[in-house]
Structures are given as structure tokens and as C-alpha cells.
Amino acid sequence: MFLKVAVLQKRSSIGELSKNINSIISYMESSAERNADILLLPECFITGYDLPIENKNALADNSEEIRTLCSAAKKLQIGVVATAFTKGRVKPQNSAFVIDKAGKVLMKYSKVHTCDFADEKCLESGNEFKVCDFHGIKIGVMICYDREYPESARVLMLKGAEIILVPNDCGAMRPRVQALSTRAYENMIGIVMANPNGANKGNSCAFSPICWDKNGNCVDNTIFVADEMTEGLHYAVFDMEQLRFYRESEMMGNTFRKVKAYGDLLSERIEAPFIREGQ
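Residues in the sequence shown are numbered consecutively from 13, following our numbering.
Printed below as a string of C-alpha cells:
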């Protein structure tokens, strides 16, 4: 079994939902022609990533836009990770819908680590990391700032994720790309990130968890790292049989963890030098 992920490196148009939906469907068509299983979009691609935003202007879960993408997925037989600002309880959320090849929404994930130090303080954060079964493959999602925290990928691994898909929209990518490689290594999961192109942006990427071959020799786990400026599709292919064999035999992930020493991870206490305004 193989999973082929089409990764879109492109900036969408702010507030032009119809234009963005048409663009997504066009890239779904191109990806399907290349036999991709699922298309990964950058963060908030349907609505455009523009803040502040009010709840009344965010996308409903049953919106025409989501229904249109579900219909396209079914017609083209390709999944898509559709991203948008969505309606929350009181404030909007930053969300991703995982849609399968039959046009079914498998899960909606809302960003847990909203950037409360910046414009995202107007958003309502999600409260749960989620994993879904995408045609026999366990997929998790984390959105942009989520990936700055190793706990995000770790919880997804503990919930059974084999592949983590990362919609993203930010710059200064070098340390962030390196961190994603580490997340793949330490959790023995595949990771794919889509980021808009642009100066100091781009660098969409994919990493395998496999860092040693069967003879114990180190191998480069990079599948691809895009440049900053190029707009368009990239592809990451995961051999799930090989990936699962590696996960069953190597010693990272949830193997020899000493969780009895991890109690401090659940503390909400914040002390210097990490105290920030608005926490």
C-alpha cells in the first residue's frame, strides 16, 4: 500500500471564496491525474489567511464551499485537506477538514495552538488533537503553530497517527523544516507540510520516519523540501508497508518512554523566562 500526497505551495486570494474553491478543484484534478490519494492545502486556503475575522464571517461546517469540495472529491476519487476559518462557539476557529475519496468528511480539526501573541488572539482554539482512518491509513493533522510544540505530534502518534499532514502559513522556515524532520524521526511517523510560496516563505516539505536502513546505516529521511518562490504542486509518496515494518522494529515512538517522569508536562504553571503578556 502506498500513500501519495499532493502538496500545494500557493497563496490563496483573501476573501475570494469562489475563486479559491475553483483553484482547489483545478489542483485536485491535476493531482488526480498524477494518481495522488489526497491534496494538502496551506492554512486557511478557502477563506484566505487574513485577520482579524468575526465569527459571522467564518465558514460554517455545512457550507456550500465544503459541500462543493466533497462532491469534487467523490467525482475525482481524491481526498483533500480543506482549510478555512470556521465558525466557533463564540469566536472563529482555524480549521482543517479531512475529506476522503468518497466525498465524506472524516474529521474536522481546529488548531489547538492558536498564536495568541499575535492576530490569532481573536480566534477560539481547539481542544483536541484528532486522528482519522483515510482508506486504511491513520492520518492526523496539526496546523502551523501546532508544529512548534513537540507534544502536538506526540499526542497524534499516541492516538495512532501514521502520517501527519500540516497546513501552514508562515515565514522563517529553516528551523521549522528542521523541526518537522525531527518530529518524523522521534515519533516514527511520516510528515508533510504545505506552505504558501513567497519571499522567506515556501519550503513546503515532506519527511519519512525512516532514518536507518535494514543494515543500521543512517539514511536521509527527506522526501522533498521545496524552494521559497515556486508556485504549484509537489508530491510525497509513502510506502506504508515499509513504514509499518520500520515502526514495528525500531525504538522511537511509544516504545521505551518513561512516562512516570513526565508529570510536569501537564502543569499549567508558567514561570520566568516564559511569562508573556496575555497568557
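Backbone N, C-alpha and C define an ideal beta-carbon position, used for all residues, glycine too. This one's a predicted model, so the numbers in the text were calculated from it and none came from an experiment.
message: Given this structure, state the Cα-to-Cα distance separating M169 from G91, to the nearest angstrom.
response: 21 Å
query: How would you call A248, buried or exposed, if buried means at least 16 neighbouring beta carbons within 10 angstroms?
result: buried
query: Which same chain residues, not among the five before or five after D251, have their C-beta less than 7 Å away from its C-beta?
result: F14
query: Would E283 be called buried (16 or more neighbouring beta carbons within 10 Å of its own) or exposed?
result: exposed
query: Where do the N-terminal and C-terminal ends of the beta strand (DSSP E) with A191 fall, by residue?
result: Looking at the DSSP string, A191 is not in any beta strand (DSSP E); the run it does join, the alpha helix (DSSP H), is R186 to N199.
message: Tell me which residue opens and which closes the alpha helix (DSSP H) that I33 is part of.
response: L29 to E45
field: A108 versus K150: straight-line alpha-carbon distance, rounded
entry: 16 Å
- prompt: Buried or exposed: L192, going by 16 or more other Cβ atoms within 10 Å of its Cβ?
  reply: buried
message: Strictly by DSSP, which residues pair up with L51?
response: A18 and V92
message: Relative to the C-alpha of C56, which candidate in I33, K68 and E76 has its C-alpha closest?
response: I33
- request: Within its chain, find whatever has a CB closer than 8 Å to the CB of A85; leave out the 5 residues flanking it on each side and keep chain order.
  value: M40, G91, V92, I111, D112, K113, A114 and G115
K150 in three-state terms, based on DSSP: strand
message: Which residue wins for smallest C-alpha separation from F146, given the options V117, K123, L135 and E132?
response: V117
- prompt: Does the pairing of the segment 196 to 212 with the segment 257 to 265 give three or more beta-carbon distances under 8 Å?
  reply: yes
field: Reference D73; option with closest CA among V204, G100 and G183
entry: G100
message: Per the DSSP calculation, G244 is bridged to which residue(s)?
response: Q21
task: Go ahead and label F129 buried or exposed: buried means 16 or more other beta carbons lie within 10 angstroms of its beta carbon, across all protein chains shown.
output: exposed
- request: Could you tell me how far apart the beta carbons of E132 and L63 are, in whole angstroms, since I believe they sit closer than 8 Å?
  value: 6 Å
- request: Could you tell me whether the Cβ atoms of C217 and V189 are closer together than 7 Å?
  value: yes
message: Buried or exposed, going by whether 16 or more other CB atoms sit within 10 Å of the CB of C82?
response: buried
- request: Specify the secondary structure class of N207 as computed by DSSP and reduced to three states.
  value: coil
Host alpha helix (DSSP H) of Y258 (start-end): M252 to S261
Exposed unless 16 or more other CB atoms sit within 10 angstroms - verdict on V66: Here residue 66 is Glu; the residue named in the question, Val, does not match the sequence. Per the 10 Å Cβ criterion, exposed.
query: What is the DSSP secondary structure of N67, counted as helix, strand or coil?
result: helix
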